[in-house]
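Trainee: Residue numbers (the numbering used here), protein chains in the order written: chain A, 1 to 416; chain B, 417 to 832. Take a look at the following structure, please.
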């Protein structure tokens with residue numbers, strides 16, 4: 001029945017991918033330091049070296065998230081695993097949640113919350129815009145949700161929703177404030193405690209320079225209390241002293257943040273087997289960020305993002321969306337008239353080894369998305385992308401002034 | 417609020433774990449080939465090199481699972497992510513599932529299925545025993561479940577549930593047959609198609625020589641049809657042509673195997689961002705197994721497991737459980753009278769750098785669990801463990817004949 005595997009089978013070759021410069025909306029080229037950190041051998045789940053590594057990783061992510069929250073840890077899955085873990089742990093069936101939708105990831109929060117059995121209310125903005133605090137407060141007054149769930153940066157539109165005044169609004173109306181900052185963390189300011197967030201989830205594969213597969217989260221005391229009300233311990237490891245929580249059991253075992261906290265906490269109750277190699281990677285991502293310094297990393301993203309945007313504009317391309325509310329780390333650019341957007345991307349990838357991004361939903365076929373993030377928020381990466389794109393666009397018949405992109409970017413760099 | 421990170425902060429050191437020989441019930445020492453495979457740079461999600469790697473990984477796991485199932489792919493999470501994905505995708509609220517429980521992981525299947533809203537019926541065996549096919553068929557006749565969910569190997573007890581005749585029973589009663597084989601795959605025979613399984617999930621961290629964090633699964637056509645009935649596509653990427661499924665929407669987005677199939681399939685609809693580094697690792701784990709040959713790998717596990725068991729017995733230790741139904745790759749051994757089991761484990765780990773396992777539930781404090789699996793199903797690993805354990809036990813006052821463990825194992829190896 002199954003395929004047979006002889007030593008000569010091509011399936012048994014090692015995987016040797018072509019070199020790529022990943023300038024899309026993520027994942028991006030991983031910092032080689034992260035790959036080296038991930039190549040370290042395992043230790044056991046409860047080895048003192050392992051628990052120390054877990055504790056250090058918690059402390060490092062407190063730095064990344066700008067929080068004093070004790071409960072700052074990893075969910076073992078990609079970034080949407082972190083989203084689902086937060087929502088399924090905080091929301092009981094029937095609970096009300098407000099999701100301001102300004103791109104694809106607002107739809108994702110909506111649909112995950114619906115699958116949790118929550119009543120989801122959405123407000124929507126056209127793709128390319130963000131909400132004012134008043135619009136969100138009005139919706140909170142009207143819907144009276146238990147949770148406000150909003151992404152900070154929506155890669156589908158490149159927009160960055162300002163969060164700084166939403167925490168106070170949530171406090172005033174006794175609403176739990178949750179944000180997913182996967183697309184933005186590292187490259188844009190994010191202040192968990194100052195902005196009064198109750199829950200935050202992120203991934204590694206954007207400005208944090210890592211591969212996807214680990215989802216750091218942080219929870220306020222209020223979020224933790226909400227989750228712990230629903231606490232249950234697995235039958236196979238339960239002792240007689242166990243007191244089940246009062247609330248409805250969380251609908252997922254894997255994403256039960258109460259159980260995951262018992263695993264990361266002093267109890268060290270067995271839950272999943274921690275994905276050690278991803279833990280090593282996540283730890284290194286935080287280290288890289290904190291060594292360089294959070295403000296410096298944001299400035300670097302701002303500068304290289306600006307250089308890319310200015311270079312693209314100089315190539316007679318039009319930027320997409322409200323530039324005042326753009327993430328630093330990704331820019332949308334309209335595919336010019338008469339040009340086959342996918343053919344351009346193919347040539348960029350297959351001829352030049354450079355990946356730029358396509359788009360979803362209402363923007364499909366209309367814009368490309370070009371990232372300058374994490375390890376690739378670098379001058380050489382920006383310049384290589386601009387000259388390659390100039391070459392490909394010129395062959396495709398798009399009119400532009402020769403070398404305008406790189407010239408403009410280099411002039412901009414020269415003024416910094 | 418957050419801790420400040422100066423260049424001298426100890427948190428900013430690289431993680432340098434002590435060398436360990438992991439001889440517990442898993443995770444075990446990873447084959448260095450897997451770590452090297454995981455250190456390769458990323459390519460983009462839809463790069464032809466990436467989709468080729470995904471397709472190759474599917475083909476390789478068809479080999480691992482001994483199946484022709486098209487739908488053989490990875491869930492991005494640890495092994496229990498695979499379990500939850502299968503159960504939440506196959507079980508609608510109210511569906512009946514039968515779980516034969518012979519250890520902790522039976523309890524885990526039970527509780528995950530309960531959280532899916534299923535009606536769960538269990539039959540139980542004392543830890544250390546397994547079920548006869550008749551016992552399972554009787555329960556099927558009585559409960560008439562939609563799904564039979566059973567682990568093949570339960571590491572908590574070291575037992576291996578025979579599965580070969582259960583598929584026919586399930587066919588006869590029109591029951592979907594699901595097994596989690598995380599603890600056993602690679603080291604024990606597992607024949608998905610011959611045994612007529614509808615769904616199988618595993619992890620990498622036992623006999624497959626990898627780190628935890630990726631959960632290979634395989635689904636029969638019948639399982640796929642059951643899941644596809646519940647198909648929905650996310651709002652953010654849906655087109656007008658989309659037809660929602662008839663069944664109740666799957667309660668999880670992350671674990672919606674219908675959507676994950678659309679991502680791994682020709683549609684390549686965006687779902688999560690594949691955890692590329694874990695994909696590389698999973699691919700290499702399969703390659704290592706298939707290169708050596710499945711039968712040879714099972715034989716290797718059998719031989720080193722036997723050598724370990726014989727060596728332990730020769731040290732006046734008593735093996736736990738029904739030896740006729742033990743997994744090849746892990747053995748339970750009673751902690752001898754008058755010996756502090758945890759102190760022995762501590763000395764093994766901290767003095768000798770060798771990890772052996774503790775136990776859960778009714779076996780807590782009664783047995784150790786010692787693995788010989790994956791990369792550590794090796795003569796030197798067995799012998800080092802036996803002589804270290806002899807030293808530690810002797811200091812603790814356990815009476816044994818000097819060098820009996822290693823002698824017995826070496827004699828056994830000499831006869832092979």
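Glycine is no exception: its CB is placed at the ideal position from the N, C-alpha and C atoms.
(1) Does the Cβ of residue 92/A have 16 or more other Cβ atoms within 10 Å, making it buried, or fewer, making it exposed?
(2) Looking at C-alpha atoms only, which residue of 44/A, 167/A and 176/A is the closest neighbour of residue 190/A?
(3) By how many angstroms is the C-alpha of residue 764/B removed from the C-alpha of residue 444/B?
(4) Could you name the residues that DSSP lists as bridge partners for residue 159/A?
(5) How would you call residue 173/A, buried or exposed, if buried means at least 16 neighbouring beta carbons within 10 angstroms?
(6) Which of the three DSSP states is assigned to residue 417/B in this structure?
(7) Assign residue 687/B to one of three DSSP states: helix, strand, or coil.
(8) When the Cα atoms are used, what is the spatial distance from residue 693/B to residue 625/B?
(9) So what does DSSP say about residue 365/A, is it helix, strand or coil?
(10) Relative to the alpha-carbon of residue 432/B, which residue among 50/A, 317/A, 65/A and 164/A has its alpha-carbon at the smallest distance?
(11) Check whether the Cβ atoms of residue 810/B and residue 816/B sit closer than 8 angstroms, and answer yes or no.
(12) Listing by chain order, which chain B residues have their CB less than 7 angstroms from the CB of residue 234/A?
(13) If you draw a straight line from the C-alpha of residue 454/B to the C-alpha of residue 38/A, how long is it?
(14) Which stretch, first to last residue, makes up the alpha helix (DSSP H) that contains residue 480/B?
(15) With 7 angstroms as the limit, tell me which residues of the segment 615 to 638 of chain B have their beta carbon closer than that to any beta carbon of chain A; keep them in chain order.
(16) Please list, in chain order, the chain B residues whose beta carbon lies closer than 7 angstroms to that of residue 280/A.
(17) What residues from the segment 251 to 278 of chain A come within 9 angstroms of chain B, judged by C-beta to C-beta, listed N to C?
(18) Since residue 287/A meets chain B, which of its residues come closer than 7 angstroms, beta carbon to beta carbon?
(19) Indicate whether residue 622/B and residue 789/B have their beta-carbon atoms separated by less than 8 angstroms.
(20) Go ahead and pull the three-state DSSP assignment for residue 203/A.
(21) Just to confirm, is the Cβ distance from residue 160/A to residue 327/A under 8 angstroms?
(22) Grab me the residues of residue 572/B's own chain with a C-beta within less than 6 angstroms of its C-beta, minus the 5 sequence neighbours each way, in chain order.
(23) Secondary structure at residue 375/B, three-state DSSP: helix, strand or coil?
(24) What do you get for residue 485/A, buried or exposed, if any count of 16 or more other CB atoms within 10 angstroms of its CB means buried?
(25) Find the nearest neighbour of residue 649/B within the set 596/B, 782/B and 672/B, judged by alpha-carbon distance.
(26) Interface residues of chain A around residue 822/B at Cβ under 8 angstroms?
(27) Candidates 70/A, 195/A and 253/A: which alpha carbon is nearest residue 417/A's?
(28) Apart from the five residues just before and just after residue 482/B, which ones in its own chain have a Cβ nearer than 8 angstroms to its Cβ?
(29) Starting from the C-beta of residue 120/A, find all residues in its chain whose C-beta is less than 7 angstroms away, skip the five residues before and the five after it, and write them out in chain order.
(30) Are the CB atoms of residue 140/A and residue 86/A within a distance shorter than 8 angstroms?
(31) Please name the residue or residues paired with residue 96/A in a DSSP beta bridge.
(32) If you follow the alpha helix (DSSP H) that residue 32/A is in, where does it begin and where does it stop?
(33) Out of 61/A, 377/A and 106/A, state which residue places its alpha-carbon closest to the alpha-carbon of residue 417/A.
(34) Measure the C-alpha to C-alpha separation of residue 700/B and residue 593/B and round it to an integer number of angstroms.
(35) How long is the line joining the alpha carbons of residue 101/A and residue 169/A, rounded to whole angstroms?
(36) My output table needs one value for residue 812/B: the three-state DSSP class, helix, strand or coil.
Mentor: With the given structure in hand:
(1) buried
(2) 167/A
(3) 15 angstroms
(4) 154/A and 326/A
(5) exposed
(6) Note on residue 417/B: pLDDT 37, under 50, position unreliable in the model; no value is reported.
(7) coil
(8) 15 angstroms
(9) coil
(10) 50/A
(11) yes
(12) 523, 524 and 527
(13) 8 angstroms
(14) 464 to 481
(15) 621, 627, 628 and 629
(16) 431
(17) 251, 252, 253, 254, 255, 256, 270, 271, 272, 273, 274, 275, 276, 277 and 278
(18) 428
(19) yes
(20) coil
(21) yes
(22) 519, 520 and 776
(23) Only positions 417 to 832 of chain B appear in the structure, and residue 375/B is not among them; the question remains open.
(24) The requested residue 485/A does not occur in the structure, where chain A is confined to residues 1 to 416.
(25) 672/B
(26) Residues of chain A passing the Cβ test: none, with the nearest at roughly 23 angstroms.
(27) No answer is possible for residue 417/A: it lies beyond the span of chain A, which begins at 1 and ends at 416.
(28) 606, 607, 608, 609, 610 and 710
(29) 97, 99, 110, 113 and 114
(30) no
(31) 119/A
(32) 32 to 38
(33) Outside the shown range of chain A (1 to 416) lies residue 417/A, about which nothing can therefore be said.
(34) 28 angstroms
(35) 18 angstroms
(36) coil
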